[in-house]
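**Q**
In the numbering used here, the protein residues as written are 96 to 174.
(1) Between the Cα of residue 121 and the Cα atoms of 113, 144, 97, which residue gives the shortest distance?
(2) Nearest CA to the CA of residue 117: which residue from 148, 99, 153?
(3) Within the chosen definition, does the segment 153-164 reach the segment 122-139 through at least 3 CB pairs nearer than 8 Å?
(4) If you compare alpha carbons, which of 141, 159, 132 is closest to residue 149?
(5) Does the beta-carbon of residue 154, which I'm using as the reference point, lie nearer than 8 Å to any heavy atom of the ligand FAD?
(6) Whose C-beta lies closer than 7 Å to the C-beta of residue 101 among residues of the same chain, with five residues either side of it excluded?
Below you can see the structure in the form of structure tokens.
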């Protein structure tokens, strides 16, 4: 079975320690940002650009919410 773990910038060894035993029976792939919290795991990690990689600046999150729309709309969970 193929399993993808998508955590973005918050890919870390503390949460991934629960998934590492699955490497023996399944094909795991992690997806993180270009600068995740940790970067050494028992499974391969694909690093992709993320809005969270941007440096902190005033009103960062409100601007990103305007540009990319709130997550509720992206997932179809509006209202």
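In this text, a Cβ means the ideal position worked out from N, Cα and C, and glycines have one as well.
**A** Per the coordinate set shown:
(1) Answer by Cα proximity: 97.
(2) 99
(3) No: fewer than three Cβ pairs fall under 8 Å.
(4) 159
(5) Annotation note on the ligand FAD: not contained in the displayed structure, which lists no ligands.
(6) 126
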